[in-house]
């Protein structure tokens, strides 16, 4: 009887230690998987940051070069669109053909922060006042230096690169290269990741020249870079900081959009299937 009790006790002890080892093993595997996922998400965010830097850097080079063109200088100095319209249209077509920026836009502003000419809408001569919301223009005039980043304007949220234009020493205005997020969306999509650019709805009054379909509106944000809404499952989300969540079989990674002026104007949201490997993103 004593031997049976000892055997039974030994079996229980072995079973207990076995279960403990199994639990610790599973915890270790889960921890390693979580750490791998976090590293891959960090690489994904770094890739996003690098793509924005790459785009705005090339855009800035475009703006700085165009700012030195006598056509552009004459345009702003004499307030005469005809002096640079054909020249800028040729530049825009060349940029599109070369594949630099298929969707790039060019915008000239007066030194009083008014729109002088939007190349994509050059027949519009309204010269609307931008001073209430395009604060990057004020920075360029104050510092006499070029600037790049994200800012919301009449036509929505874009990556922008703005350069001052001088007639000798006289400041006559600015020229801006404007790029949307379509190319960036395609870049992520080819590897199975969907990119959504969300603008806070409080900025809708500024972006009043853009019409966003009702299906692109969430409770707190508007999707500005997609024609379809793949975020119905987080319609009422109110994101805070950088983080991620798991919704069904999908991961959702989000990070704030900080504009040129240091304002939090929206969020980048990246989604992908649980079965997708993010190993291709190295940052």
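In my numbering, the protein residues as written are 597 to 879.
Note that CB positions come from ideal geometry on N, CA and C, so glycine has one too.
{"Check": "Whether residue 743 touches residue 732 by CB criterion (8 Å)", "Outcome": "yes"}
{"Check": "Status (buried if at least 16 other CB within 10 Å, exposed otherwise) for residue 776", "Outcome": "buried"}
{"Check": "Classification of residue 721 by the beta-carbon crowding that lies within 10 angstroms, buried from 16 upward", "Outcome": "exposed"}
{"Check": "Assigned secondary structure, residue 768 (DSSP; H/G/I helix, E/B strand, else coil)", "Outcome": "strand"}
{"Check": "For residue 685, the three-state DSSP class (helix, strand or coil)", "Outcome": "helix"}
{"Check": "Which residues DSSP lists as bridging residue 839, in chain order", "Outcome": "850"}
{"Check": "Selection from 633, 859 and 769 that minimises the alpha carbon distance to residue 703", "Outcome": "769"}
{"Check": "Assigned exposure category for residue 880 - 16 Cβ within 10 Å defines buried", "Outcome": "Residue 880 is absent from the model: the chain starts at 597 and stops at 879."}
{"Check": "Chain-order list of residues whose beta-carbon lies under 6 Å from that of residue 784 (same chain, five-residue window excluded)", "Outcome": "791"}
{"Check": "Beta-carbon contacts of residue 762 that lie in its chain and below 7 Å, excluding the five residues immediately before and after", "Outcome": "768"}
{"Check": "Where the beta strand (DSSP E) containing residue 781 begins and where it ends", "Outcome": "That residue, residue 781, is in no beta strand (DSSP E); its alpha helix (DSSP H) goes 778–785."}
{"Check": "Backbone CA spacing between residue 698 and residue 691 [nearest angstrom]", "Outcome": "7 Å"}
{"Check": "Separation of residue 735 from residue 651, as counted between CA atoms", "Outcome": "21 Å"}
{"Check": "Residue burial classification, residue 625 (beta-carbon count within 10 angstroms, cutoff 16)", "Outcome": "Any answer about residue 625 is weak, because its pLDDT of 44 lies below 50 and its placement is not dependable; what the coordinates show is given next. Residue 625 comes out exposed."}
{"Check": "Residue burial classification, residue 814 (beta-carbon count within 10 angstroms, cutoff 16)", "Outcome": "buried"}
{"Check": "Unbroken alpha helix (DSSP H) run spanning residue 710, endpoints", "Outcome": "Residue 710 -> no alpha helix (DSSP H), and no H or E assigned at all."}
{"Check": "Rounded C-alpha distance that separates residue 811 from residue 824", "Outcome": "7 Å"}
{"Check": "Distance, residue 759 Cα to residue 660 Cα", "Outcome": "5 Å"}
{"Check": "Below-8 Å beta-carbon distance, residue 722 vs any chain D residue", "Outcome": "No chain D appears in the structure shown, which is made up of a single protein chain."}
{"Check": "Three CB pairs or more closer than 8 Å across the region 667–682 and the region 740–754", "Outcome": "no"}
{"Check": "Separation of residue 802 from residue 749, as counted between CA atoms", "Outcome": "6 Å"}
{"Check": "Three or more C-beta pairs below 8 Å linking the region 661–670 and the region 851–867", "Outcome": "no"}
{"Check": "Top-ranked residue by Cα proximity to residue 778, from 807, 846 and 821", "Outcome": "821"}
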